[in-house]
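Residue numbers (the numbering used here), protein chains in the order written: chain A, 13 to 272; chain B, 1204 to 1509. Even for Gly, the Cβ is constructed at its ideal location relative to N, Cα and C. Input: a single structure, listed below in structure tokens.
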């Protein structure tokens, strides 16, 4: 009787991760293809066509300059969307009950979903980077920094997506944040321009945008140029990750918006 | 090891709306028992089940499963229970096999072992042939069987079923009863909630009746049936009956020429009634219950406690 008394969190973590990867792989037309198409469009229009008429920024050709921002944008969108949609669907279809009745810890649930978001974010990031290489064959400045920032960004937005999925009560709630908050913050976070091009006041305002730090730190990793101090960016991201993880863990432990 | 599979003490649940769903229930389910929790809609059955299976937070009280406290050892309590909810709660886009395998994984069963166990569960519930089909393509009965397979894959010691045969056809209901009785004979403790009184009477040795968040009766089936104030029967007679005798301890009434109704009061024995009827030239050829006995008791109890 009883195959695994008290459960086994390592097996449970791998099960959630496997389920998440299977889920987004199965619906690759919705998850993988849109990022490839939209990024290709950005490269063609802003990089190859308009970009040729724009001079270099920070001594980098414009198409090179926007590449790190476009990769990080894909990582942010996919990590966030994967976890928020998956967790909310599990709540909506009530199959979140499958994990609530099982002996896995709240931390395992958190790590499983975040790992799923990271795998999707990084996978799409790599695909976008390969597409980018067709337009802008860049020699990466620092692989270590690039991977660190890419992974931290995916973790951060997976956590944010998880919190969104937990608090969401209908499908509108999981589309409001990406549409009204994430997209403007990404565009105003310096994907297509350097904040040094802005008046001083708007430079200060831009520094309040956390995505600015990720984009610039990632750009530093790939191109070796940045508008901000990379150490400060890593510190801001690490602090945000700890903060979001604490909120998500609290919600899972107390069953916020999951249990009555 | 304790002889009690489930022990509940002073369980309260007050929802955020202020509604008191459970008002301090006590319940004891012995090991290897087939136990039913009966009650009308909104009585608190599903809330009680939700708390036992960690889907709902309790307000106060104690829940122990095989001696393990839900507050102190939630993981141990969870691994002892298999849950079959009332409504389908799996991803409709997953295959049956993946649903069962994932559940085994959540319970910590390693993949290879989970595959063997999933095959076993799906085979005994006649789903193995359709294991690669997405759940949405299965029939209603198959989906319910899939939820039972999923609940059994980690080999729980107690199976909790919330209205397992609500809205299903007779064939499926009978098949499920057979399966559950078989599992119970093999040592599995079964706790089910139902408002099908026939289901409780056919399956359970012991049952509790819940109403307005309180347990109003908790006894074995025979004791409960013994509490019936009256029992109703329908008797078929060999010849037409023109006039019915007036007998002590019962009330007789005519339904048609060859059918009479009998209402037995208190502990009056049927043999005595039949002997008296025979003495008055009323010969009985067959007999059946007028209504479900448990239903009569259930209505009596609800009336008494409302």
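Which stretch, first to last residue, makes up the beta strand (DSSP E) that contains residue 173(A)? No beta strand (DSSP E) contains residue 173(A), which is instead part of the alpha helix (DSSP H) from 155 to 179.
Express the C-alpha separation of residue 255(A) and residue 1421(B) in angstroms, rounding to a whole number. Going by the C-alpha atoms only, they are around 49 Å apart.
Decide if residue 1396(B) is buried, meaning its Cβ has at least 16 other Cβ atoms within 10 Å, or exposed. When all chains shown are included, residue 1396(B) counts as buried.
Relative to the alpha-carbon of residue 1247(B), which residue among 1238(B), 1462(B), 1491(B) and 1228(B) has its alpha-carbon at the smallest distance? Nearest option by C-alpha distance: 1228(B).
Identify the continuous alpha helix (DSSP H) that holds residue 1456(B) and give its terminal residues. Boundaries around residue 1456(B) are those of the beta strand (DSSP E), 1453 to 1459, since no alpha helix (DSSP H) includes it.
Rounded straight-line distance, which links the Cα of residue 96(A) to that of residue 266(A): Whole-angstrom Cα-Cα distance: 19 Å.
Just the Cα atoms here: how many angstroms apart are residue 1304(B) and residue 1223(B)? So the alpha carbons of these two residues sit roughly 37 Å apart.
For residue 247(A), is the classification buried or exposed, using 16 other Cβ atoms within 10 angstroms of its Cβ as the cut-off for buried? So residue 247(A) counts as exposed.
Select from the segment 100 to 134 of chain A all residues with a C-beta closer than 7 Å to any C-beta belonging to chain B, and list them in chain order. Under the 7 Å Cβ criterion, the segment 100 to 134 of chain A contributes 105, 106, 107, 109, 110, 111, 112, 113, 114, 115 and 116.
Which residues, taken in chain order from the segment 1294 to 1327 of chain B, show a beta carbon closer than 9 Å to some beta carbon of chain A? Residues of the segment 1294 to 1327 of chain B with a Cβ closer than 9 Å to any Cβ of chain A, in chain order: 1294, 1295, 1296, 1297, 1301, 1302, 1304, 1305, 1306, 1307, 1308, 1309, 1310, 1311, 1312, 1313, 1314, 1316, 1317 and 1320.
What are the boundary residues of the alpha helix (DSSP H) that includes residue 256(A)? Here the alpha helix (DSSP H) through residue 256(A) covers 242 to 266.
Is DSSP giving residue 1256(B) helix, strand or coil here? Under the three-state reduction of DSSP, residue 1256(B) is assigned to coil, being neither helix nor strand.
Alpha carbon to alpha carbon, how far is residue 261(A) from residue 122(A)? CA-to-CA, the gap between residue 261(A) and residue 122(A) works out to about 7 Å.
So which of 1382(B), 1270(B), 1485(B) and 1439(B) has the shortest CA-CA distance to residue 1492(B)? When only C-alpha atoms are compared, the closest one is 1439(B).
Out of 125(A), 73(A) and 131(A), which one is the CA nearest neighbour of residue 44(A)? Across the set 125(A), 73(A) and 131(A), the C-alpha of 131(A) shows the shortest separation from the C-alpha of residue 44(A).
Does the beta carbon of residue 1244(B) come closer than 8 Å to any beta carbon on chain A? Against chain A, the CB of residue 1244(B) has no partner CB under 8 Å away; the residue lies outside that interface.
Quick one: is residue 1373(B) buried, meaning 16 or more other Cβ sit within 10 Å of its Cβ, or exposed? Classification for residue 1373(B): exposed.
At the level of alpha carbons, what is the spacing between residue 23(A) and residue 83(A)? Residue 23(A) and residue 83(A): Cα-Cα distance of roughly 32 Å.
Length of the line joining the Cα atoms of residue 1471(B) and residue 1434(B): Between residue 1471(B) and residue 1434(B), the C-alpha separation is close to 10 Å.
Using the Cβ count rule (16 or more neighbours within 10 Å means buried), how would you classify residue 1456(B)? By the 10 Å Cβ count, residue 1456(B) comes out exposed.
CA-CA distance, residue 196(A) and residue 202(A)? Between residue 196(A) and residue 202(A), the C-alpha separation is close to 11 Å.
Can you pull the chain A residues whose beta carbon is under 9 Å from the beta carbon of residue 1259(B), in chain order? Chain-ordered, the chain A residues with CB closer than 9 Å to the CB of residue 1259(B) read 267, 271 and 272.
Apart from the five residues on each side of it in sequence, which residues of its chain come closer than 7 Å, Cβ to Cβ, to residue 1441(B)? Sequence-distant partners of residue 1441(B) (beyond 5 residues in either direction) whose C-beta falls short of 7 Å from its own C-beta, in its chain, are 1486 and 1488.
Best match in 47(A), 102(A) and 69(A) for proximity to residue 139(A) [C-alpha to C-alpha]: The shortest C-alpha to C-alpha distance from residue 139(A) to any of 47(A), 102(A) and 69(A) is the one to 47(A).
For a cutoff of 8 Å on Cβ pairs, would you count residue 18(A) as touching chain B? For residue 18(A), the nearest CB of chain B lies under 8 Å from its own CB, placing it at the interface with that chain.
Cβ separation of residue 212(A) and residue 125(A), assumed to be a contact under 8 Å, to the nearest whole Å: Incorrect: roughly 41 Å between the Cβ atoms, too far for contact.
Assuming residue 1179(B) and residue 1363(B) form a contact by the criterion Cβ under 8 Å, report the distance between their Cβ atoms to the nearest whole angstrom. Look at the range of chain B in this structure, 1204 to 1509, and you will see that residue 1179(B) is not part of it.
Per DSSP, residue 1207(B) is paired with what? Residue 1207(B) pairs with 1233(B).
Any C-beta of chain B under 8 Å from that of residue 27(A): Yes, its Cβ sits closer than 8 Å to a Cβ of chain B.
If you compare alpha carbons, which of 1342(B), 1384(B), 1391(B) and 1424(B) is closest to residue 1371(B)? Selected option, being the one with the closest Cα: 1342(B).
For residue 1491(B): DSSP bridge partner residues: Paired residue(s): 1437(B).
Determine which residues of the segment 1270 to 1295 of chain B have a Cβ less than 9 Å from any Cβ of chain A, and write them out in chain order. Taken in chain order, the members of the segment 1270 to 1295 of chain B whose beta-carbon sits within less than 9 Å of a beta-carbon on chain A are 1276, 1277, 1278, 1279, 1280, 1281, 1282, 1283, 1284, 1285, 1286, 1288, 1290, 1291, 1292, 1293, 1294 and 1295.
I'd like the list of long-range same chain contacts for residue 1479(B), defined as Cβ closer than 8 Å, with 5 residues on each side in sequence excluded. Cβ neighbours of residue 1479(B) beyond the five flanking positions: 1448 and 1450.
Please specify which runs of the alpha helix (DSSP H), each continuous and at least 4 residues long, are wholly inside the segment 21 to 84 of chain A, giving them in chain order. Considered as a whole, the segment 21 to 84 of chain A harbours 21 to 38, 40 to 43 and 45 to 54 as its complete alpha helix (DSSP H) runs of no fewer than 4 residues, in chain order.
Less than 8 Å between the C-beta atoms of residue 1267(B) and residue 1339(B), yes or no? Result no, Cβ atoms of residue 1267(B) and residue 1339(B) do not sit closer than 8 Å.
Which of helix, strand or coil does DSSP assign to residue 151(A)? In this structure, DSSP gives residue 151(A) a state outside helix and strand, which the three-state scheme calls coil.
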